[in-house]
Amino acid sequence: MRIGIDLGGTKIEGILLSPLGTIEKKIRVNTPTDTYKAVLITVCELIRTLQKGQTKPLKVGIGMPGAISKFTNTIKNCNAIPLNNQPLHTDVEKQLGYPVRLENDANCFAMSEANYGAGKKHNSVFGVILGTGTGGGFVIEKNVIQGANGIAGEWGHNPIPDSAKELIKEARVCYCGRTNCIETILSGRGIRQTYLEISGEDIDAKKIAARATGGEPFAKQCLNLYCSQLAHCLASVVNILDPDIIVLGGGLSNIKELYEKVLAEMCPHIFSDNIVTRISPPSFGDASGAIGAACLWPEETIN
Ligand SMILES: [Zn+2]
């Protein structure tokens, strides 16, 4: 049994994960949004609650937004919770008295799918988050690739490929300070902006998808554009990493058109004559972050 914690912007979810990948217990609490200390205390209390009744401490993995700086061991690139510049990893270990593992939430998503989900039979898995932001994680042989700077898989802040630039009307400024990041078209806010450009109306991604299903021409055009944009952007990842399978996660991964259109649209942009890459919906819903966090401790490390 392992403990997985998913530290999200609104909820913190803690689970006990069995060796078969099933969830034996699940607890959800609200994420304090005021101070770092409150977040730290809530996370540690949740872990202590899950440890109750165990003869020795279970291994603990934590997934959270942002990345861990390899130089300062503090959190960076986190915009959802007050964690930036804080030594969360060290502080949790100090509070609990044993080692824990901490990883970016998109990497945890990729780990959940690579270990127990759509990618479990594949050697290399690129897990993609299409939600509030556009993240990603790359897993090879069940191990998450962190990278020299701790940002492996963060394709969302690469520039939109030139081939996809004709698919947007005007330049889009990203919160990171750059212009035309992939996230500015593929995130929830991105698709919203595209729909606004086409129709003059500002509605969220869920409504756009529902209107497309209902046959509304602007919404259908918007989804077609989104599929093309995603195809162009993913093709550039395939040309570098060439994963066996791409698993889509996050709120926008519920759009069924993605699985019908994106792969075919990717092919002309991939540098290969024979393309066997797969694109799959996720196997787990909200629980993927916590499952992936628990998987940061592979079976063989548990005694
Ligand atoms: Zn950006």
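Take 2 as the starting number for the sequence shown in our numbering and just add one per residue. Quick reminder that beta carbons are idealized off the backbone N, C-alpha and C, glycines included.
On the three-state DSSP scale, how would you describe L297? coil
Does DSSP classify P160 as helix, strand or coil? Three-state DSSP puts P160 in a strand.
List the DSSP bridge partners of R173. None; R173 has no bridge partner.
In whole angstroms, what is the alpha-carbon distance linking P100 and I204? Going by the C-alpha atoms only, they are around 45 angstroms apart.
Residues that N144 bridges to, as DSSP identifies them: I141
Span separating the alpha-carbon of R179 from that of R173: In this structure, the CA atom of R179 is about 9 angstroms from the CA atom of R173.
Would you list, in sequence order, the uninterrupted alpha helix (DSSP H) runs of no fewer than 4 residues that lie entirely inside the region 173-206? 184-187 and 189-200
Are the CB atoms of E198 and K170 within a distance shorter than 8 angstroms? yes
Just checking, does the region 88-95 make contact with the region 108-117 on the three C-beta pairs under 8 angstroms criterion? no
Please state whether the Cβ-Cβ distance between L295 and I271 is less than 8 angstroms. Correcting the residue identity first, residue 295 is Ala in this sequence and not Leu. The answer is no: Cβ separation not under 8 angstroms.
For ligand 1, which residues have a Cβ under 5 angstroms from at least one heavy atom, in chain order? H158, C175, C177, R179 and C182
Measure how close the beta-carbons of H233 and S188 come, nearest whole angstrom, since I'm counting them as under 8 angstroms. Actually they are not in contact, since the Cβ atoms of H233 and S188 sit about 16 angstroms apart, beyond 8 angstroms.
Only counting the same chain, and skipping five residues up and downstream in sequence, which positions put a Cβ closer than 6 angstroms to that of A210? I256
Quick check: G252 and D106, are their CB atoms within less than 8 angstroms of each other? In this structure, G252 lies away from D106, with their beta-carbon atoms at least 8 angstroms apart.
Return the CA-CA distance between L103 and E266, expressed in angstroms with no decimal places. 36 angstroms
Jot down the residue ranges of each uninterrupted alpha helix (DSSP H) in the region 208-286, minimum 4 residues, whole runs only, in chain order. Segments of the alpha helix (DSSP H) lying fully in the region 208-286: 218-242 and 258-267.
Complete runs of the alpha helix (DSSP H) confined to the region 82-142 [at least 4 residues]: Secondary structure remark: continuous alpha helix (DSSP H) runs of at least 4 residues inside the region 82-142, in chain order: 89-97 and 106-117.
Excluding five sequence neighbours on each side, which residues of the same chain lie with their C-beta closer than 6 angstroms to the C-beta of N108? Hits under 6 angstroms: G138 and V145.
Hey, does P282 have any beta-carbon neighbour from chain C nearer than 8 angstroms? Of the chains in the structure shown, none is chain C; there is only one protein chain.
In three-state DSSP terms, what is K57? coil
Length of the line joining the Cα atoms of E258 and R279: 15 angstroms
Going by DSSP, name the residue or residues bridged to I303. DSSP, once it has assigned bridges, lists no residue as partnering I303.
Specify, as a first and last residue, the run of the beta strand (DSSP E) that E25 falls within. Segment I24 to N31, the beta strand (DSSP E) holding E25.
Quick check on the DSSP output: the alpha helix (DSSP H) that includes K38 runs from which residue to which? Element bounds for K38: Y37 to Q52.
With distance defined between alpha-carbon atoms, name the residue in K221, P218 and I276 nearest to D243. I276
Quick one: give me the first and last residue of the beta strand (DSSP E) that K12 is part of. Its beta strand (DSSP E) spans residues K12 to L18.
Taking L84 and L249 to be in contact with their CB atoms under 8 angstroms, please state how far apart those CB atoms are, rounded to whole angstroms. Actually they do not touch by this definition, with Cβ atoms about 26 angstroms apart.
Relative to the C-alpha of V126, which candidate in Q230, E142, K27 and T133 has its C-alpha closest? E142
Is it buried or exposed for Y176, if we count other Cβ within 10 angstroms and need 16 for buried? It counts as exposed.
Exposed or buried, G136, counting other C-beta atoms within 10 Å across all chains shown (16 or more means buried)? buried
Proximity below 8 angstroms, CB of I152 to CB of A81: No, the Cβ-Cβ distance between I152 and A81 is not below 8 angstroms.
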